[in-house]
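Undergrad: Right, I'll just put the structure down here and ask away after.
Number of protein chains: 2
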Amino acid sequence: MLTRSAWRNPDREAVVDGARRFTYAELNGEVNRLAHALLAAGYRRGDVLALASGNSVEFLATYYACAKTGVVCVPVNLAWGPPEVSYVLEHSRARGVVVESQLAGLVDGALQLVEGSGVLDVVVAPGTGADWAAGSTGTWRDLATFLGDAGTGEPECLVGDRDPISYLYTSGTTSAPKGVVSSHVAVYIESLNAPLVLGIDGKERSVAMMPLFHTAQLNGFTTGLLYMGGTLVLMRAFDPAALLATIESERITQIFGLPMMYRMMMDHPDIDKRDLSTLRLALYAMAPMPDTDLRRAIEVFGCDFALGFGQTEMNPITTVFPPEYQLSHAGSVGLPVPNVQVGIMDDAGNLLPDGETGEIVYRGPHAMEGYLRNPDATAEAFAHGWFHSGDVGRFDADGLLWFADRKKDVIKTGGENVASIEVEKALYEAEPRIQEVVVVGLPHERWSEAIAAIVTPKPGVELTEEEVLAAARSRLSGFKVPKAVLFADEMPRTATGKIQKNVLREQHKGHFGT
Amino acid sequence: MLTRSAWRNPDREAVVDGARRFTYAELNGEVNRLAHALLAAGYRRGDVLALASGNSVEFLATYYACAKTGVVCVPVNLAWGPPEVSYVLEHSRARGVVVESQLAGLVDGALQLVEGSGVLDVVVAPGTGADWAAGSTGTWRDLATFLGDAGTGEPECLVGDRDPISYLYTSGTTSAPKGVVSSHVAVYIESLNAPLVLGIDGKERSVAMMPLFHTAQLNGFTTGLLYMGGTLVLMRAFDPAALLATIESERITQIFGLPMMYRMMMDHPDIDKRDLSTLRLALYAMAPMPDTDLRRAIEVFGCDFALGFGQTEMNPITTVFPPEYQLSHAGSVGLPVPNVQVGIMDDAGNLLPDGETGEIVYRGPHAMEGYLRNPDATAEAFAHGWFHSGDVGRFDADGLLWFADRKKDVIKTGGENVASIEVEKALYEAEPRIQEVVVVGLPHERWSEAIAAIVTPKPGVELTEEEVLAAARSRLSGFKVPKAVLFADEMPRTATGKIQKNVLREQHKGHFGT
């Protein structure tokens, strides 16, 4: 895909990485140099190369160099510690690692945990320019040395449609991380969703501030943009002031972030000082935006908003909640993208009609190939011939999908099913002093599970259990009202910012004394 | 693709075929019934079903039913006679034929030419409602009987990415027709070009008047439209008055035809009587539109014009000449679509830089798999790892592709290469009394090939050889001026309207007495 893009638009600006700016010809040349260096080092189709990097042109070069040579790329989640990284290096059978200088210690630590690791090469990219020292395992070289005098011409390697382009390890809150095997054809076709549905084209100037090691930023919104010939401005992290300044200075047309990032930008004093008039589309993911935030954001940013929904196993986008429905159907996760068939299934494998609630299941050409070396989990995920998302939801009469809850977060209490998210939403609406609330089911002798709300109040306010319960009663049927309210200073989260309900359930499992 | 489209937009209008109108759910239901009937009749993945049909919902139902079951569809070119049809039935090893009633005689005649044909089933669709009689070979049934009580539920068949979806036989002017093997993944990805590049989406209302048995109408502009949820209005043939009336009555937004069809519509008295205001995009193919026609058409139709260029072996679109360049770069065939890499190659297999002229070659995921049972022609077509178009052209400094000539139509005269099309263009411009001119090289003792112009004057005008030569001299260097002018009442053409230069070369090969 990059080859063709560079061939069509050699002189167009592809990537901005700090002070470094790359045309498509230059980016493709960097990719080709690394591809040739990998081939010279003996890497072949099916070999595995791990990648520990923040958002940088070297991240992109490594991903595309793997794609061109048939090498499998394994991006490392930067929230992981050495144990998780060592697990992934071992499980993926990585032959080498590309690591940014500031992450050299993480990789060295991980390698020390692996007895007789098969990792031969550690290639250190400049990253943030940190000092680093070679570890005791593998041959450590800096990127320039590894590249040597590799040329920028196109490598010619045979790669199959269904060859893996990457193993993306899921966060694994409840078990060891699972390696999602993504094929070339899946990533190819998925990459076209954003151009097809959101009009991403060669005139787009986008910011990538969400981590490239996560499929949403990588395959959801980067590969398609670079295929259509747009420009990607890389940022290593979200910072409201820096992002607002970048939108102005780089004349950004499209951004992608979490709902809270838009809130933080709107609350920042710079919001009125920056020229945001080039923005045409702001994307968000993970969760619907609260209605008041959304209305304010549409006005403040003066552009369309849309939500992308999906998951790593689908590479990842499955539905898009488009701008024209944002206010009329607030809270929905939108319409299936053309490349994904979305169904609602009961536990027996029957597809359910519109309006009925069940597990959200997917079919389509950009589903994963399976979980690496995990046939049982793969078979379970594809039971009845559909990929099982683990999400519960329903379609409305307009064909829009509504996410209710993670299947495992639905609370079974006194013979009723209660979506934890419904209770959370009611509490947010009824009690503005709540900063964050998480609702889980905890073991209970009488109710089987009893609903519990874990609450973080807004800074500087007081909030009692009785006040929270009164708020719940004002909005919810009796059986949906929590049986207990617990207070917490902050919530446990995964690397991508998801609250770990399973950790809260574990912490508080004895609360009702069972 | 149709399954997902119907799943997303069950109640939207998919196809209009005369008085019959089909929603996506209904169209998909028809497809599924035929798929189940094929399965019940024993058809399996890899079996071959020929299809002799004008533009009708039954054509579409057969193509998609084959796609869903892994059966290979072989559309019959309706300009063929029984000998060509019998060749294709035998060469493709067709197990059955779906034929419209008015074409039953063609298929019967073809089957009689095949000794011990393997064709078991002949299924007669209503078509134009002609009387028909069962032939002597195979079991003849009407479509309703063949369908029986087949249900409309989704069939569940395993089909591979690279399984053939069709064998499309090329016209074969110089040799036996070659069967282009098109894979599912190729047609899938090619279908996305029109949505990606031309903005074809679910709001589109298109007319299909070009034959569906030709890849341009079928995979170029139909499968993508139906994937995005647009509406297709079928017409069995081009008729200027009928098309103008349909644009008005069906509120058509997009049409596709040959340059001469736009000229015929503009010259028709109804052009001023019909409301064409819904049109947003008029596509043309095969050849650039003369500049004066194009300027007039943009004004008369009040919409954007764009050209699609490609060939059957590429399934088919390779470049699009987009609206914004139509007037500034008139005569170009446009920009490569994202899914195709376009190169210019010399005879030794070297890629040439922009500006240099050579053979146009292609790479990309929607190239054909090869020619059916013809490894030599396949190897030749993919020499040096690129598909060889047989077209000669160059890229300009703006990245636009210019088609110069078919490689075999380039005239080698006195040590110089002359593009026949350049001479034709000069004659059209300099001598308005020419209706049509074809320039070929004919064997000549001194010049190796000598340039000859075959001319059809406009009706009712007189034109002499000397006048034509004077026109040529006014525009061309001496070595490009024809050595002879021959007059013809009409030109020999292929089924798709291409002038057969090879036939003219053969007819006149003795003109210079060699």
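As given, the protein sequences belong to chains A and B, one line each in that order. Residue numbering for the first sequence is 1 to 514, as defined by the UniProt record's numbering. Residue numbering for the second sequence is 1 to 514, as defined by the UniProt record's numbering. Note that CB positions come from ideal geometry on N, CA and C, so glycine has one too.
#1: By Cβ distance, which residues of its chain are closer than 6 Å to Gly358/A, with the 5 residues on each side in sequence left out?
#2: Can you find a CB in chain A that lies within less than 8 Å of the CB of Leu335/B?
#3: Quick check: the stretch 456-463 of chain A against the stretch 205-223 of chain A, are there 3 or more CB pairs under 8 Å?
#4: Give the single residue among Asn193/B, Pro316/B, Leu442/B and Leu281/B whose Cα lies nearest to the Cα of Phe512/B.
#5: Determine the DSSP secondary structure at Lys458/A, reduced to helix, strand or coil.
#6: Please name the residue, chosen from Gly385/A, Gly399/A and Ala381/A, that lies closest to Asp391/A on a Cα-to-Cα basis.
#7: Give the residues of chain B in contact with Thr223/A, contact being defined as C-beta atoms less than 7 Å apart.
#8: What does the Cβ neighbour count give for Arg4/B, buried or exposed, with the cut at 16 atoms within 10 Å?
#9: Is the CB of Trp7/B under 8 Å away from at least one CB in chain A?
#10: Give me the residue from Asp121/B, Leu486/B, Ile451/B and Pro492/B with the minimum Cα distance to Ser477/B.
#11: Taking its Cβ as the centre, do 16 or more other Cβ atoms sit within 10 Å of Lys178/B, making it buried, or is it exposed?
#12: If you reduce the DSSP assignment to three classes, tell me which class Val88/B lands in.
#13: Please confirm whether Gly513/A has its beta-carbon closer than 8 Å to some beta-carbon of chain B.
#14: Using a C-beta to C-beta distance shorter than 9 Å, which residues of chain B count as neighbours of residue 525/A?
#15: Mind pulling the chain A residues with CB within less than 8 Å of Thr3/B?
#16: Give the interface partners of Ile185/B over in chain A, defined as CB-CB distance under 7 Å, in chain order.
#17: Buried or exposed: where does Ala348/A fall if 16 or more other Cβ atoms within 10 Å of its Cβ makes it buried?
#18: Give me the Cα-Cα distance between Asp409/B and Lys501/B, rounded to the nearest whole angstrom.
#19: Looking only at its own chain, which residues have a Cβ that is under 7 Å from the Cβ of Leu400/A, when we skip the five neighbours before and after it?
#20: Report the CB separation of Arg205/B from Thr246/B in whole angstroms; it is logged as a contact under 8 Å.
#21: Just the Cα atoms here: how many angstroms apart are Leu243/B and Ala297/A?
#22: Residues of chain B with a CB under 7 Å from the CB of Thr227/A: which are they?
#23: Please name the residue, chosen from Tyr262/B, Thr319/B, Ala287/B and Met314/B, that lies closest to Arg295/B on a Cα-to-Cα basis.
#24: Closest by CA to Val99/B, which one among Gly385/B, Asp108/B and Glu465/B?
#25: Spell out the partners DSSP gives Trp386/A in its beta bridges.
#26: Work out the CA separation of Leu2/A and His366/B for me, nearest whole Å.
#27: In whole angstroms, give me the CA-to-CA distance for Val197/B and Ser277/B.
#28: When the Cα atoms are used, what is the spatial distance from Tyr371/B to Ala186/B?
#29: Is Pro195/A helix, strand or coil by DSSP?
#30: Using a cut-off of 8 Å between C-beta atoms, extract the partners of Leu196/B located in chain A.
#31: Below 8 Å, can you find three or more Cβ-Cβ pairs linking the stretch 223-230 of chain B to the stretch 69-87 of chain B?
#32: Along the chain, where does the beta strand (DSSP E) that runs through Thr231/A open and close?
#33: Examine the Cβ distances between the stretch 277-291 of chain B and the stretch 300-318 of chain B and report whether three or more of them are shorter than 8 Å.
#34: Which residues in chain A have a C-beta closer than 9 Å to the C-beta of Gly399/B? List them in chain order.
#35: Could you name the residues that DSSP lists as bridge partners for Ser166/A?
#36: In this structure, how does DSSP classify Val340/B when only helix, strand and coil are distinguished?
TA: With the given structure in hand:
#1: Counting from one through the first sequence, the residue named residue 358/A turns up at place 358. So the qualifying residues of the chain are Ile344, Met345, Asp346 and Leu352.
#2: By 1-based counting over the second sequence, the position of residue 335/B is 335. For Leu335/B, the answer is yes, since a Cβ of chain A falls inside 8 Å of its Cβ.
#3: no
#4: Working through the second sequence from its first residue, we reach residue 512/B at position 512. With distances taken between Cα atoms, Phe512/B lies closest to Leu442/B.
#5: As a working mapping, residue 458/A is identified with position 458 in the first sequence. Lys458/A: coil per DSSP, three-state reduction.
#6: In the first sequence, counting from the first residue as 1, residue 391/A sits at position 391. The shortest C-alpha separation from Asp391/A is found at Ala381/A.
#7: By one-based count along the first sequence, residue 223/A stands at place 223. The premise fails here: Thr223/A is roughly 12 Å from chain B at the closest Cβ pair, so nothing lies under 7 Å.
#8: Locating residue 4/B in the second sequence gives position 4, where the first residue counts as 1. Burial call: buried.
#9: Start at 1 with the first residue of the second sequence, and residue 7/B comes out as number 7. Answer yes: the Cβ-Cβ gap between Trp7/B and chain A drops below 8 Å somewhere.
#10: Counting from 1 along the second sequence, the entry for residue 477/B is found at position 477. Closest by alpha carbon: Ile451/B.
#11: As a working note, residue 178/B is residue 178 in the second sequence. With 16 or more other Cβ atoms within 10 Å, it is buried.
#12: Sequence index remark: in the second sequence, residue 88/B carries index 88 (1-based). The answer is helix: DSSP assigns Val88/B an H, G or I state.
#13: Position 513 of the first sequence, counted from the start, is the residue given in the question as residue 513/A. Taking Cβ atoms only, chain B never reaches closer than 8 Å to Gly513/A, which makes this a no.
#14: Absent from the structure is residue 525/A, since the part of chain A shown begins at 1 and ends at 514.
#15: On the second sequence, residue 3/B is found 3 positions in, with the first residue counted as 1. Going along chain A in sequence order, the residues near Thr3/B (Cβ under 8 Å) are Gln341.
#16: In the second sequence, the residue the question calls residue 185/B occupies position 185. According to the sequence displayed, residue 185/B carries Val and not Ile. Result: Asp161 and Val185.
#17: Position 348 of the first sequence, counting from 1, holds the residue named residue 348/A. Result: exposed.
#18: Residue 409/B sits at position 409 when you count from the first residue of the second sequence. Residue 501/B sits at position 501 when you count from the first residue of the second sequence. Whole-angstrom Cα-Cα distance: 8 Å.
#19: The residue given as residue 400/A occupies position 400 in the first sequence. Around Leu400/A: Tyr325, His329, Ser332, Gly334 and Leu335.
#20: On the second sequence, residue 205/B is found 205 positions in, with the first residue counted as 1. On the second sequence, residue 246/B is found 246 positions in, with the first residue counted as 1. Going by Cβ atoms, the distance from Arg205/B to Thr246/B rounds to 10 Å, so no, they are not a contact pair.
#21: Within the second sequence, numbered from 1, the residue matching residue 243/B stands at position 243. Within the first sequence, numbered from 1, the residue matching residue 297/A stands at position 297. Going from the Cα of Leu243/B to the Cα of Ala297/A covers about 47 Å.
#22: Here residue 227/A refers to the residue found at position 227 when the first sequence is read from its first residue. In the sequence under discussion, the amino acid at residue 227/A is Tyr, which differs from the Thr named in the question. In chain order: Pro338.
#23: On the second sequence, residue 295/B is found 295 positions in, with the first residue counted as 1. Looking at the Cα atoms, Tyr262/B is the closest of the given residues.
#24: Taking the second sequence and counting its residues from 1, one reaches residue 99/B at position 99. Here the closest residue by C-alpha is Asp108/B.
#25: In the first sequence, counting from the first residue as 1, residue 386/A sits at position 386. Its beta-bridge partners do not exist; DSSP assigns none.
#26: The count along the second sequence starts at 1 and reaches residue 366/B at position 366. The count along the first sequence starts at 1 and reaches residue 2/A at position 2. Answer to the nearest angstrom: the Cα atoms are 16 Å apart.
#27: The residue given as residue 197/B occupies position 197 in the second sequence. The residue given as residue 277/B occupies position 277 in the second sequence. One C-alpha to the other measures close to 22 Å.
#28: Here residue 371/B refers to the residue found at position 371 of the second sequence. Here residue 186/B refers to the residue found at position 186 of the second sequence. CA-CA distance, Tyr371/B to Ala186/B, rounds to 15 Å.
#29: Along the first sequence, read from residue 1 onward, the residue named residue 195/A stands at position 195. In the structure shown, Pro195/A sits in a helix (DSSP, three-state: H, G or I).
#30: Position 196 of the second sequence, counted from the first residue, corresponds to residue 196/B. Those within 8 Å of Leu196/B in chain A are Leu192, Pro195, Leu196 and Met228.
#31: No contact exists between the stretch 223-230 of chain B and the stretch 69-87 of chain B.
#32: Mapped onto the first sequence, residue 231/A falls at position 231. First-last of the beta strand (DSSP E) with Thr231/A: Thr231 to Leu234.
#33: yes
#34: In the second sequence, residue 399/B corresponds to position 399, counting from 1. Here the neighbours are Arg8, Asn9 and Pro10.
#35: By one-based count along the first sequence, residue 166/A stands at place 166. In DSSP, Ser166/A forms a bridge with Cys73/A and Ser182/A.
#36: For the purposes of this step, residue 340/B is identified with residue 340 of the second sequence, where counting begins at 1. The three-state reading of DSSP puts Val340/B in coil, since its state is none of H, G, I, E or B.
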